[in-house]
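If you read the sequences in order, they're chains A and B.
Everything in the first sequence is counted per the working numbering, starting at 274 for the first residue and increasing by one.
Everything in the second sequence is counted per the working numbering, starting at 520 for the first residue and increasing by one.
Read the structure below first, then the notes.
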Amino acid sequence: MDNLEKRYKKAIKNSEVVLKQGNTLLQAESEGTSKPVVVAWGLMNAGKSYLLNMLTEHIDNEYFKTNDFRETAEVKKFETDDFVFLDTPGLDASIEDNLTAMKGVGKADIVLFVHQLQGELEAVEIEFLQNLVNSFGEYASDNIIIVLSKVDKEDDRKVEDIRDKVLQQCEIYIGFEPKCITVSNTVYKAGTEKNVEGLIKISNIERLHDLLQKLSVSVKGVRTERQLQQKQQLIKQLKEEKKQLDQVLSKYKEKASNIEADAKSFNSTMKKLKSFMVGISKEHYKLEMGE
Amino acid sequence: MALPWLIGGAVVAVATATIAALSDDSNSSSSSYSDNEAAERRRAARERAERQLEERMEALDASYNERLELDGKKMTSLLRTMAKVDNVQESMVVIEVVPELEMNPDGSYKDVLTRQIIQNKSTLDSFHSNVIFFEQLYVGYVEPKTETVQVSESIDTLEKQIRKIDNLIKKLG
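Right, here's the structure in full:
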């Protein structure tokens with residue numbers, strides 16, 4: 274494979290990727306809902322699905338499957354009166370899952386980044402948060418919520434300690450302190466099942482729900498603005514890919530032009546030869562006829 | 520071969536006619552010495568004229584063959600930059616009166632190049648028609664070459680991809 278062929282294949286492949294992104298964006302826009310889209314991300318078993326079950330009032334019959342093994346391999350959706358909730362595969366389960374998880378980024382209006390309260394943010398979580406922040410741009414600090422889950426398993430002091438460390442990490446790695454809320458899904462579930470208001474309250478699920486309601490007001494404007502930014506970014510990328518394609522195309526056209534020149538030269542030689550053949554045969558005929 | 524007439528045949532015909540005329544002349548001559556001398560002179564003049572005619576014909580043949588060979592080599596070399604050219608032989612075509620329009624009279628067409636290489640339709644058609652005539656003239660075979668086909672296909676794909684990008688930019692903008 275020569276260098277030009279390699280450049281050709283690379284340019285086609287890269288442009289296909291950006292074309293796909295653009296078409297996905299247009300498709301999402303045409304299928305888009307007017308309701309705010311809330312997407313849960315986090316490591317496997319961080320408690321995303323459990324949290325979404327609680328927020329969508331699937332207390333006894335879980336809609337978003339929860340298990341110790343990887344349960345969510347695709348983005349799963351549930352629509353309430355006010356929101357569309359999306360559950361994503363746990364990060365770090367596999368590269369494919371991480372890619373599937375990233376698919377929802379463009380659709381997200383509000384992000385619930387769920388971190389199990391065992392320690393600080395892991396490297397893969399930080400990397401993913403950075404990608405999210407890049408996608409949200411200037412709206413990241415308003416629309417990304419860090420949810421520290423399973424707080425019932427730790428004492429208050431440790432909860433506070435981890436919360437501070439996570440927020441410090443955010444400050445360092447993503448440049449701001451996002452909204453952060455500590456929740457306990459099991460406490461909320463118990464409170465709901467036993468109808469104990471105190472448990473429901475300390476679970477912080479309702480507080481999180483209220484926060485979502487509050488954010489939903491500004492979501493539409495943010496979504497439009499983000500879509501505009503995404504489009505502008507894509508147009509920029511498309512123009513760059515077009516430039517690459519144009520450069521490769523001009524190289525092939527140079528080759529075509531050389532072939533065309535040879536073909537024209539062939540035509541010209543053949544034309545002169547035909548004319549010569551006609552001339553000489555006439556001359557021959559004249560001689561034969563004694564003219 | 521679409522070009523059948525043999526110049527050799529024509530020359531033989533002319534020579535035969537001349538010899539016949541000569542025989543007729545001999546039969547009608549008188550028996551006097553002066554008459555014989557005059558007849559001899561006429562015969563010698565005719566023979567000279569025949570020889571000159573033959574020489575001129577041979578010179579034409581030589582120049583014709585030389586040109587066919589030269590142009591054959593040139594065209595083969597040009598074609599080989601873009602196509603597979605096999606079995607090219609010394610042209611068997613002989614001098615004849617053939618109007619240019621009758622060269623490739625059935626309008627045969629051979630796809631060797633595409634519009635991605637030559638955009639002008641008339642030039643492309645003319646090229647493909649000439650390829651057919653070349654094959655007839657030199658008993659050769661001309662086929663598309665992988666590298667040239669690849670150039671055509673790459674240009675086609677790249678142009679389509681660029682059109683897709685332009686359309687998407689329009690939709691996104």
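Every residue, glycine too, gets a C-beta built ideally from N, C-alpha and C.
For A/Tyr336, which of helix, strand or coil comes out of DSSP? Against the first sequence, residue 336 of chain A aligns to sequence position 63. Of the three classes helix, strand and coil, the one that applies to A/Tyr336 here is coil, per DSSP.
Using DSSP bridges, identify the partner residues of B/Val661. Against the second sequence, residue 661 of chain B aligns to sequence position 142. Among the bridge pairs identified by DSSP, B/Val661 is matched with B/Val604.
In the DSSP assignment, find the unbroken alpha helix (DSSP H) run with B/Gln571 in it and report its ends. Numbered from its first residue, the second sequence carries residue 571 of chain B at position 52. 552-599 is the extent of the alpha helix (DSSP H) around B/Gln571.
Beta-carbon neighbours of A/Ser538, restricted to chain B and to distances below 8 Å: In the first sequence, counting from the first residue as 1, residue 538 of chain A sits at position 265. Correct list: Leu597.
Determine which residues of the region 513-526 of chain A have a Cβ less than 8 Å from any Cβ of chain B, and write them out in chain order. Listed by position, the residues of the region 513-526 of chain A near chain B (Cβ gap below 8 Å) are Glu514, Lys515, Leu518, Asp519, Val521, Leu522, Tyr525, Lys526.
Within 10 angstroms of its Cβ, does B/Met520 collect 16 or more other Cβ (buried), or is it exposed? For the purposes of this step, residue 520 of chain B is identified with residue 1 of the second sequence, where counting begins at 1. Annotation note: pLDDT 35 at B/Met520 (below 50); position unreliable, coordinate value reported separately. Counting every other CB atom within 10 Å of its CB across the protein chains shown gives B/Met520 a total below 16, marking it as exposed.
Hey, does B/Asn649 have any beta-carbon neighbour from chain A nearer than 9 Å? Reading the second sequence from its first residue, position 130 is the one you call residue 649 of chain B. Yes, B/Asn649 counts as interfacial toward chain A.
Taking a cut of 9 Å between CB atoms, which residues from the region 656-675 of chain B lie near chain A? Those would be Leu656, Glu666, Thr667, Gln669, Val670, Ser671, Ser673, Ile674, in chain order.
Excluding sequence positions up to five away, which residues of its chain have a Cβ less than 6 Å from the Cβ of A/Phe356? Counted from its first residue, the first sequence places residue 356 of chain A at position 83. Lys308, Pro309, Val311, listed in sequence order.
Among A/Leu298, A/Gln403, A/Gln502, whose alpha-carbon lies nearest the alpha-carbon of A/Ile417? What you label residue 417 of chain A is simply residue 144 of the first sequence in a count that begins at 1. Sorting A/Leu298, A/Gln403, A/Gln502 by C-alpha distance to the C-alpha of A/Ile417 places A/Gln403 at the top.
Count the other C-beta atoms from every protein chain shown that fall within 10 angstroms of the C-beta of B/Ser596, then say buried if there are 16 or more, exposed otherwise. Mapped onto the second sequence, residue 596 of chain B falls at position 77. Counting Cβ neighbours within 10 Å, B/Ser596 comes out exposed, since fewer than 16 surround it.
Where the beta strand (DSSP E) through A/His388 begins and ends: Taking the first residue of the first sequence as position 1, residue 388 of chain A is located at position 115. Counting along the chain, the beta strand (DSSP E) containing A/His388 begins and ends at 383-389.
Work out the CA separation of A/Asp437 and A/Thr459 for me, nearest whole Å. Numbered from its first residue, the first sequence carries residue 459 of chain A at position 186. Numbered from its first residue, the first sequence carries residue 437 of chain A at position 164. Near 23 Å, if we compare the C-alpha coordinates of A/Asp437 and A/Thr459.
Could you tell me whether the region 487-507 of chain A touches the region 430-444 of chain A, using the rule of 3 or more Cβ pairs below 8 Å? Between the region 487-507 of chain A and the region 430-444 of chain A, the count of C-beta pairs closer than 8 Å stays below three; the two stretches do not touch.
Residue range of the alpha helix (DSSP H) that A/Lys423 falls in? Taking the first residue of the first sequence as 1, we reach residue 423 of chain A at position 150. Going by DSSP, A/Lys423 is part of no alpha helix (DSSP H) at all; its letter is neither H nor E.
One question on the structure: do A/Lys454 and A/Leu390 come within less than 9 Å of each other, judged by their Cβ atoms? Walking along the first sequence from the start, residue 454 of chain A turns up at place 181. Walking along the first sequence from the start, residue 390 of chain A turns up at place 117. Checking the displayed sequence, the identity of residue 454 of chain A turns out to be Ile instead of Lys. In this structure, A/Leu390 does not lie closer than 9 Å to A/Ile454 by Cβ.
Give the list of continuous alpha helix (DSSP H) stretches no shorter than 4 residues that lie fully inside the region 278-336 of chain A. Listed in chain order, they are 321-328.
Between the C-alpha atoms of A/Asn531 and A/Asp275, what's the straight-line distance to the nearest angstrom? Position 258 of the first sequence holds residue 531 of chain A. Position 2 of the first sequence holds residue 275 of chain A. If you take the alpha carbons of A/Asn531 and A/Asp275, they lie about 18 Å apart.
Using beta-carbon positions only, say whether A/Asp535 and B/Leu691 come within less than 9 Å of one another. Here residue 535 of chain A corresponds to residue number 262 of the first sequence, with the count starting at 1. Here residue 691 of chain B corresponds to residue number 172 of the second sequence, with the count starting at 1. Taking 9 Å as the Cβ cut-off, A/Asp535 and B/Leu691 do not qualify as a contacting pair.
Other residues of its chain near A/Leu485: CB distance less than 7 Å, five sequence neighbours each side excluded: Locating residue 485 of chain A in the first sequence gives position 212, where the first residue counts as 1. Here the set comprises Val311, Phe356, Ile383.
Please say whether B/Met601 and B/Lys664 have beta carbons closer to each other than 9 Å? As a working mapping, residue 664 of chain B is identified with position 145 in the second sequence. As a working mapping, residue 601 of chain B is identified with position 82 in the second sequence. Yes, they are a contact pair.
Please list the segments of the alpha helix (DSSP H) lying wholly inside the region 635-683 of chain B, counting only runs of 4 or more residues, in order along the chain. Within the region 635-683 of chain B, the runs of alpha helix (DSSP H) at least 4 residues long that lie entirely inside it are, in chain order, 640-657.
Leaving aside the five residues before and after B/Ile538 along the sequence, list all residues of the same chain whose C-beta is less than 8 Å from its C-beta, in chain order. Counting from 1 along the second sequence, the entry for residue 538 of chain B is found at position 19. Residue placement at B/Ile538 cannot be trusted, given a pLDDT of 39 that sits under 50; what the coordinates show is reported in the next sentence. For B/Ile538, where only same-chain residues beyond five positions count, there are no Cβ hits under 8 Å.
When burial is assigned at 16 or more other CB atoms within 10 Å of the CB, is A/Arg496 buried or exposed? For the purposes of this step, residue 496 of chain A is taken as residue 223 along the first sequence, with counting starting at 1. Answer is buried; the Cβ neighbour count reaches 16.
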